[in-house]
């Protein structure tokens, strides 16, 4: 019997799934730590690939501490415990509720995310106590991953957690940019914008980060607790005034920002500050690593492969349309790659929500793409998935679609344009069997998109 | 003296301009015809590259006719006259006002575009007369380019031009899709949807097209006068009813569509209809040809080059953001190409107009891109231009920007976000010296975008 189009599509769908799962391997938090930190006797070698290497002799330090915050921090800590064992003098990490593991030398504190709670504050206090207690003969390992900003909360001065959140809400409502909001958040916190490095000084500090931000800017990942800040108290106050919030923000916030503006309290530490001398920052996992693993897997399967970029942002449907435009060119002229072709991209897109349906940016990407590829031959498969296995407020990681997806929906009485208008990608893809389900992956380096064309 | 960043940028800007101009060469309408049609004695060889070749012996035909419509048709006709000379028995082409040339054997009729006028109708009548008069011993050359749909108007039955336009307007206002509108336009016309092929039958017909549509679908270019149609009278009437226009459309239109639905007049000719037997359709120029020429030029300059796709559509700013995301990855990891890199794309994006400024999709692409690349080093140049030299209702073809564009505007007191909000890309880029000015190019294969990274 000759091969039917559906046979080819189901083979390609399996391949896309395999490529997606391959992309998760290098960003597994445990593996990422093990790959980046090697122990040779008592010598610890840090850094991988092109990164600058740092070597430390554990024997030279009196005490070793382990701290951290983020959704993927528990497996990262497990990897560090595997390397350091009972050399760890004390350890505290903050993780999201449920994202815990059994550890031997490290206290795990579960706290709320994305909105911080009092548990998070208590855990952060313990971490700051450790950092403040460390001296120049001590060594601190810090583990940071996505969610670290909300999971390492510690409002500055007299500010309460509720007051801190009220400020962020007001700024969001009056249309402040994410850069403006982050500038203020760093200045009403005791941890963000390099302030954990100040607490840790003069101890030797190694900060290992799993990046969940586009472009991997270290001052943005978890608001850069160990990284020089570029924003100033003065600017923060100007932002408050620009949006006419001078009178409405809580007294504690106003007084803190005023004190900072008048130089009564130190600003966040800047580049060149000697407190960063003993600090080494390493990104041990990021979106591009996931994309490179996807590419390697696709090439092993015989696909000509291309990584577009790990920094793709923009409105999801339009980004999907660009991807399908590339798939069409592959089919028509063999550009940018001859088929069988695999186009890979990463980053994080935006969905401007206009309906009341359920979905996430990866599912919306797939549903929009499904519409654009409806008239293509059954030789195209498109997958988009969150590397954390969790797309929006759903139990899906994303979707996987082909040129027959819209027809499968129509055969079940579903009008794809209605589902798109309602941002209800989940329920459409659920009924057509096109959801990508992985369960939690315990990591997060944003999204991976895979376009296969045969 | 050492090289300054601005020296590098101005060199890169010249390179981008040179690459853009190189992209225009293969789509010059005169050259495109000369490349696709060769004369060897009395033998005419049609087709280029991978296209199926057709050979004709001019001696075998009694009469040769030349017809056509579109903005670039005059130089195409000049090329045909150069080949055929006084072998042309009669010729009539419709062009846009001002897009004329001195021809010897072909009558040029100037008419309005994008809204058709009575001149266009009169010219089309003459063309239909020629087609209807041609017999099986005659040879017809047809020349079609962008604008051909509006420049070959001939309402069917008793429908007037004004009534035909009123229907299109009503459909646009009630949100009909472009596919639905085209289906109806084909069924209230005597030329569209393969109907000129019906008029030309049984003459041998060669239709040469310069494609201005994404994907080069021959039934879409100028509404496919010589190409099988896929839409039906019945569907057209259903569309009218779907939007509740059954009572409001002009009587002449209602009666024509009803007659068609009741099979009292023939439907547009479909694939397999013997009238298409003597017809050969050739696309002699399209966006991908322009992109390939751009790539060749960039590679000659030493750029590693990549054609993303000639079929890029979507909201302009988001498409721009995808392009800048790729530029960032080139700088950061050398993917998808190591620098010096040239990323090339084509197609036609959309601008959802929200302000009252002046611009076009290419200028808006550049202004949005300029914002996204503001923090990049001065090693990136982005050009976007309409191949017709005319972007929106402006005298510019598009723009050419770099990481200093936003700063140049700020130094002149311009707030880029205000200009973007007003869709006023023209006036921002005019003041920063970042407009792309080419003058009319006499061709049109949509847009070309060039991203250079060093």
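Protein chains in written order, with my numbering: chain E, 1 to 454; chain R, 1 to 454.
For each residue, glycine too, the CB sits at the ideal point set by N, CA and C.
Query raised in the report: Whose C-beta lies closer than 6 Å to the C-beta of residue 301(R) among residues of the same chain, with five residues either side of it excluded?
Result: As a working note, residue 301(R) is residue 301 in the second chain. So the qualifying residues of the chain are 15.
Requested in this report: Pick helix, strand or coil for residue 338(E), following the three-state DSSP scheme.
Outcome: Here residue 338(E) is taken as the residue at index 338 of the first chain, counted from 1. If DSSP states are grouped into helix, strand and coil, residue 338(E) belongs with coil.
**Report entry** Cβ-based contacts, 8 Å cut-off: residues of the region 23-38 of chain E near chain R
**Finding:** Those residues of the region 23-38 of chain E that come within reach of chain R (Cβ to Cβ, closer than 8 Å) do not exist; the list is empty.
**Report entry** residue 356(E) versus 211(E), 376(E), 422(E), residue with shortest Cα-Cα distance
**Finding:** Here residue 356(E) corresponds to residue number 356 of the first chain, with the count starting at 1. Nearest option by C-alpha distance: 422(E).
Query raised in the report: Three-state secondary structure (DSSP) at residue 111(E)?
Result: As a first step, residue 111(E) is located in the first chain; it is residue number 111 there, counting from the start. Three-state result, residue 111(E): strand.
Query raised in the report: Where are the alpha helix (DSSP H) runs, 4 residues long or more, that stay fully inside the region 124-158 of chain E, in chain order?
Result: 148-151
Query raised in the report: Who pairs with residue 312(R) in a beta bridge, going by DSSP?
Result: On the second chain, residue 312(R) is found 312 positions in, with the first residue counted as 1. Looking at the DSSP assignment, residue 312(R) forms a beta bridge with 347(R).
Requested in this report: At 7 Å on the CB atoms, spell out the chain R contacts of residue 333(E), in chain order.
Outcome: Here the question's residue 333(E) lines up with position 333 in the first chain. Result: 288.
Report task. Inspect the beta-carbon positions of residue 376(E) and residue 320(E) and report whether they are closer than 9 Å. Result -> Position 376 of the first chain, counting from 1, holds the residue named residue 376(E). Position 320 of the first chain, counting from 1, holds the residue named residue 320(E). It is not a contact, given that the beta carbons lie outside the stated cut-off.
Report task. Consider the Cβ of residue 2(E): report whether some Cβ of chain R lies at a distance smaller than 9 Å. Result -> As a first step, residue 2(E) is located in the first chain; it is residue number 2 there, counting from the start. In this predicted model, residue 2(E) has a pLDDT of only 44, less than 50, meaning its place in the structure is not dependable enough to derive any value.
Query raised in the report: For residue 301(E), which three-state DSSP category applies?
Result: Counting from 1 along the first chain, the entry for residue 301(E) is found at position 301. Correct three-state label for residue 301(E): coil.
Query raised in the report: Does any C-beta atom of chain R lie closer than 9 Å to the C-beta of residue 317(E)?
Result: As a working note, residue 317(E) is residue 317 in the first chain. Chain R, which has a Cβ nearer than 9 Å to the Cβ of residue 317(E), makes this yes.
Query raised in the report: Closest to residue 197(E) by CA distance: which of 306(E), 217(E), 185(E), 274(E) is it?
Result: Here the question's residue 197(E) lines up with position 197 in the first chain. Among 306(E), 217(E), 185(E), 274(E), the Cα nearest to that of residue 197(E) belongs to 274(E).
Query raised in the report: Count the other CB atoms within 10 Å of the CB of residue 367(R); is the residue buried (16 or more) or exposed (fewer)?
Result: For the purposes of this step, residue 367(R) is taken as the residue at position 367 of the second chain. Label assigned to residue 367(R): buried.
Report task. Using three-state DSSP, classify residue 227(E) as helix, strand or coil. Result -> Position 227 of the first chain, counted from the start, is the residue given in the question as residue 227(E). Reduced to three states, the DSSP call for residue 227(E) is coil.
Query - Option in 144(R), 147(R), 121(R), 146(R) with minimal Cα separation from residue 159(R) - result: On the second chain, residue 159(R) is found 159 positions in, with the first residue counted as 1. Nearest of 144(R), 147(R), 121(R), 146(R) to residue 159(R), Cα basis: 121(R).
Query raised in the report: Between the C-alpha atoms of residue 419(E) and residue 427(E), what's the straight-line distance to the nearest angstrom?
Result: Your numbering for residue 419(E) matches position 419 in the first chain. Your numbering for residue 427(E) matches position 427 in the first chain. One C-alpha to the other measures close to 8 Å.
**Report entry** As assigned by DSSP and simplified to three states, the class of residue 76(E)
**Finding:** Locating residue 76(E) in the first chain gives position 76, counting from the first residue. Helix at residue 76(E).
**Report entry** Nearest to residue 134(R) (by Cα), restricted to the options 119(R), 102(R), 193(R), 66(R)
**Finding:** The residue labelled residue 134(R) in the question sits at position 134 within the second chain. If we check each option's Cα against that of residue 134(R), 66(R) comes out closest.
Query raised in the report: Alpha carbon to alpha carbon, how far is residue 170(E) from residue 245(E)?
Result: Taking the first chain and counting its residues from 1, the one referred to as residue 170(E) is at position 170. Taking the first chain and counting its residues from 1, the one referred to as residue 245(E) is at position 245. Approximately 8 Å between the Cα atoms of the pair.
**Report entry** Residues in the region 336-358 of chain R having any Cβ partner in chain E nearer than 7 Å
**Finding:** 336, 347
Requested in this report: Please say whether residue 179(R) and residue 227(R) have beta carbons closer to each other than 9 Å?
Outcome: In the second chain, the residue the question calls residue 227(R) occupies position 227. In the second chain, the residue the question calls residue 179(R) occupies position 179. No, these two residues do not count as a Cβ contact at 9 Å.
Query - Amino acids of chain E, ordered along the chain, whose beta-carbon sits closer than 9 Å to that of residue 254(R) - result: Within the second chain, the letter at position 254 stands for residue 254(R). By Cβ distance, chain E contributes nothing, its closest Cβ being about 27 Å from residue 254(R), past 9 Å.
Query raised in the report: Three-state secondary structure (DSSP) at residue 211(E)?
Result: Against the first chain, residue 211(E) aligns to sequence position 211. Note: residue 211(E) maps to coil in three-state DSSP.
Query raised in the report: With burial defined as no fewer than 16 other Cβ atoms inside 10 Å of the residue's Cβ, what is the status of residue 3(R): buried or exposed?
Result: Here residue 3(R) is taken as the residue at index 3 of the second chain, counted from 1. Bear in mind that a pLDDT of 49 at residue 3(R), under 50, signals an unreliable position, so the number given afterwards is only what the model happens to contain. With fewer than 16 other Cβ atoms within 10 Å, it is exposed.
Requested in this report: Assign residue 305(R) to one of two classes, buried (16 or more other C-beta atoms within 10 Å of its C-beta) or exposed (fewer than that).
Outcome: By 1-based counting over the second chain, the position of residue 305(R) is 305. Buried, because 16 or more other Cβ atoms sit within 10 Å of the Cβ of residue 305(R).
Report task. Please state whether DSSP places residue 120(R) in a helix, a strand or coil. Result -> Taking the second chain and counting its residues from 1, one reaches residue 120(R) at position 120. Residue state, collapsed to three classes: helix.
Requested in this report: Would you list, in chain order, the members of the region 295-312 of chain E that have their beta-carbon closer than 8 Å to a beta-carbon of chain R?
Outcome: 306, 307, 308, 309, 310, 311, 312
Query - Spatial distance of residue 322(R) from residue 215(E) (CA atoms) - result: As a position in the second chain, residue 322(R) is number 322, starting the count at 1. As a position in the first chain, residue 215(E) is number 215, starting the count at 1. Whole-angstrom Cα-Cα distance: 13 Å.
**Report entry** Under 8 Å by beta carbon: chain E residues contacting residue 496(R)
**Finding:** Since the first and last residues shown for chain R are 1 and 454, residue 496(R) lies out of range.
**Report entry** Cα-Cα separation, residue 1(E) to residue 233(R)
**Finding:** One-based indexing of the first chain puts residue 1(E) at position 1. One-based indexing of the second chain puts residue 233(R) at position 233. Per-residue confidence for residue 1(E) stands at a pLDDT of 40, beneath the threshold of 50, marking its modelled position as unreliable; the derived number appears in the next sentence. Each residue's Cα considered, the two are about 40 Å apart.
Requested in this report: Return no unless some Cβ of chain R is closer than 9 Å to the Cβ of residue 451(E).
Outcome: Indexing the first chain from 1 puts residue 451(E) at position 451. No, because no Cβ of chain R sits closer than 9 Å to the Cβ of residue 451(E).
Report task. Closer than 6 Å by C-beta to residue 259(R): which residues in its own chain qualify, once you throw out the five before and the five after it? Chain order, please. Result -> Reading the second chain from its first residue, position 259 is the one you call residue 259(R). Excluding residues within five positions, the ones whose Cβ falls inside 6 Å are 265.
Query - beta strand (DSSP E) segment containing residue 384(E), residue limits - result: Reading the first chain from its first residue, position 384 is the one you call residue 384(E). Element bounds for residue 384(E): 380-386.
Query - Cβ contact check for the region 438-451 of chain R and the region 288-296 of chain R: 3 or more pairs under 8 Å - result: In short, these stretches touch, since the Cβ pair count reaches three.
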